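Under our numbering, the first residue of the sequence shown is numbered 147, with each subsequent residue one higher.
All C-beta atoms in this analysis are idealised placements derived from N, C-alpha and C, irrespective of residue type, glycine included.
Note that the coordinates shown come from a computational prediction; the quantities given were computed from them, not determined experimentally.
Inspection log for the structure reproduced underneath, given as structure tokens.
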Amino acid sequence: MAKGSESTDDKYALRSVSRALDVLQAIAAGEGKGLSVGEIADAIGVSRSTAFTLLQTLVARGFVSDSRIGGARLYRLGLALVHLGEQAVTEMGITQIATPLLQQLADTTQLTSRLAVLDDGYAVAIGRVDAPGPFRMTGSLGRRELPHCSAVGKSLLMRLPSEKVMAILTRLGMPRRTEHTITSQGELIEELRVCAGRGYSFDNEEDNIGVICIGAAIYDRTNEAVAAVSVTSMKLGRGDDEMHQLGFVVRSYADRISQLLGGPTHAALPTLSD
Numbered sequence: 147m148a149k150g151s152e153s154t155d156d157k158y159a160l161r162s163v164s165r166a167l168d169v170l171q172a173i174a175a176g177e178g179k180g181l182s183v184g185e186i187a188d189a190i191g192v193s194r195s196t197a198f199t200l201l202q203t204l205v206a207r208g209f210v211s212d213s214r215i216g217g218a219r220l221y222r223l224g225l226a227l228v229h230l231g232e233q234a235v236t237e238m239g240i241t242q243i244a245t246p247l248l249q250q251l252a253d254t255t256q257l258t259s260r261l262a263v264l265d266d267g268y269a270v271a272i273g274r275v276d277a278p279g280p281f282r283m284t285g286s287l288g289r290r291e292l293p294h295c296s297a298v299g300k301s302l303l304m305r306l307p308s309e310k311v312m313a314i315l316t317r318l319g320m321p322r323r324t325e326h327t328i329t330s331q332g333e334l335i336e337e338l339r340v341c342a343g344r345g346y347s348f349d350n351e352e353d354n355i356g357v358i359c360i361g362a363a364i365y366d367r368t369n370e371a372v373a374a375v376s377v378t379s380m381k382l383g384r385g386d387d388e389m390h391q392l393g394f395v396v397r398s399y400a401d402r403i404s405q406l407l408g409g410p411t412h413a414a415l416p417t418l419s420d
């Protein structure tokens, strides 16, 4: 491990993972000039063979790049870190921008509001504001949700090309969670087309009996859906008219967040081709 990096709080840390992170930090400290195997081994306090093994793993995953200059092989940070960094900044920015509007949405609807992003095809909540009052519908942040039976998942999928949606559904599966869950790819593709037209989506007791969610996508300046916002409620006899009214409200808040990100409102999005 790098000198001074070990802590008594690290008893659950995996040494190999810690050392790999130490490698990245050592290379970063080189400020782009590139480091040799020996320099990295000295920096993190391991043998050259251990450093070489760690580097080969990181190179294979794109987190480190290697090049030959003269007779030396030098290592620099890889482009995979650029992608992760951009994603982290994007999600952090969205959370910071969206949180005040999530609060307003919860206050307006008296329902729990959430912010979610797509992660490897799954919908993952990264922000939540609980409903006012003692009765609240809550959900864990960071938990992966199947997109075919969640409102945020449908909102994040609804403007993707059909072939990409089908690839996601094939890979993740479409298990039946309740009697209302859509388990047919064709049926879900058609519903997503309808959702894209109106700008919001429903989870109408499709994940849990008695629970509904209404979601809408948030777009960035490239017209890509980078997140989705939703509200959650008990069904409690809510009819179609009331659910559509909530849909308009949720979409309006999603539009406001999109505009803050430099993206279009739903009405300004280009029409999808059939």
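(1) I need the straight-line Cα distance from D353 to T378, nearest angstrom please.
(2) Taking only runs that begin and end inside the segment 204-244, name each unbroken alpha helix (DSSP H) of 4 or more residues, in chain order.
(3) Determine which residues share a DSSP beta bridge with N499 and list them.
(4) Enumerate in chain order the residues of its own chain whose CB-to-CB distance from R322 is below 7 Å, with the five nearest sequence positions on each side excluded.
(5) Can you give me the C-alpha to C-alpha distance between A269 and K310, rounded to a whole angstrom?
(6) So C359 and D349 are in contact, right, with Cβ under 8 Å, and what is the actual spacing, rounded?
(7) Assuming L200 contacts A166 under a Cβ cut-off of 8 Å, what Cβ separation, rounded to an integer in Å, is found between them?
(8) In the structure shown, what three-state DSSP assignment does S162 receive?
(9) In terms of alpha-carbon separation, which member of L170, L302, L251, T255 lies closest to D366?
(10) Going by the DSSP bridge assignment, what does D265 pair with across the sheet?
(11) Starting from M380 and walking both ways along the beta strand (DSSP E), at which residues does that stretch end?
(12) Using the Cβ count rule (16 or more neighbours within 10 Å means buried), how would you classify T154?
(13) For L251, which residues from the same chain have a beta carbon less than 6 Å from its beta carbon, with the 5 sequence-adjacent residues on both sides left out?
(14) Helix, strand or coil: which one does DSSP assign to R260?
(15) One question on the structure: do G345 and K381 come within less than 7 Å of each other, judged by their Cβ atoms?
(16) What are the boundary residues of the alpha helix (DSSP H) that includes M389?
(17) Quick check: the Cα distance between V228 and G178, rounded to an integer number of angstroms?
(18) What is the DSSP secondary structure of L181, reduced to helix, strand or coil?
(19) Would you call E388 buried or exposed, if buried means 16 or more other Cβ atoms sit within 10 Å of its Cβ?
(20) With 16 other CB atoms within 10 Å as the buried threshold, where does F394 fall?
(21) Among the residues of its own chain, which have a CB less than 7 Å from the CB of R207, if the five just before and after it don't count?
(22) Taking the C-alpha atoms as reference points, what is the distance between S305 and A197?
(23) Looking at I403: is its Cβ nearer than 7 Å to the Cβ of A244?
(24) Please identify the residue among L223, L415, C295, V192 whose C-alpha is closest to the C-alpha of R161.
(25) Which same chain residues, not among the five before or five after V210, have their C-beta less than 8 Å away from its C-beta?
(26) How many Å lie between T417 and A218 at the Cα?
(27) Count the other C-beta atoms from every protein chain shown that fall within 10 angstroms of the C-beta of G409, then say buried if there are 16 or more, exposed otherwise.
Let me spell this out:
(1) When rounded, the distance between both Cα atoms is 12 Å.
(2) As far as the segment 204-244 is concerned, it has no whole alpha helix (DSSP H) run of at least 4 residues.
(3) With the chain running from 147 to 420 in the structure shown, residue 499 is simply not present.
(4) Answer for R322: T329, listed in chain order.
(5) As the crow flies, the alpha-carbon of A269 is around 15 Å from that of K310.
(6) Contact flag correct, Cβ pair sits at about 4 Å.
(7) Taking C-beta atoms under 8 Å as the contact rule, L200 and A166 qualify, at a distance of about 5 Å.
(8) The answer is helix: DSSP assigns S162 an H, G or I state.
(9) Here the closest residue by C-alpha is L302.
(10) Per DSSP, Y268.
(11) Unbroken beta strand (DSSP E) run through M380: 371-380.
(12) In this prediction, T154 has a pLDDT of 39, which is less than 50 and means its spatial position is unreliable; nothing more can be read from the coordinates.
(13) In chain order, S259, Y399 place their CB closer than 6 Å to the CB of L251, counting only its own chain and leaving out the 5 sequence neighbours on each side.
(14) DSSP places R260 in strand when its eight states are reduced to three.
(15) Result no, Cβ atoms of G345 and K381 do not sit closer than 7 Å.
(16) Taken as a continuous stretch (DSSP letters only), the alpha helix (DSSP H) holding M389 covers 386-406.
(17) For V228 and G178, the distance between alpha carbons rounds to 14 Å.
(18) Residue state for L181 is assigned as strand, using DSSP reduced to three classes.
(19) Exposed, because fewer than 16 other Cβ atoms sit within 10 Å of the Cβ of E388.
(20) Under this definition F394 is an exposed residue.
(21) So the qualifying residues of the chain are A226.
(22) At residue 305 the sequence reads Arg, which differs from the Ser that was named. In this structure, the CA atom of R305 is about 45 Å from the CA atom of A197.
(23) Yes, Cβ-Cβ distance for I403 and A244 is below 7 Å.
(24) Taking R161 as reference, the option from L223, L415, C295, V192 with the minimal CA-CA separation is V192.
(25) Counting only Cβ-Cβ distances below 8 Å, and skipping sequence neighbours, we find V169, L170, I173, L201, L204, Y221, R222, L223, G224.
(26) So the two alpha carbons sit approximately 54 Å from each other.
(27) Buried is the call here.
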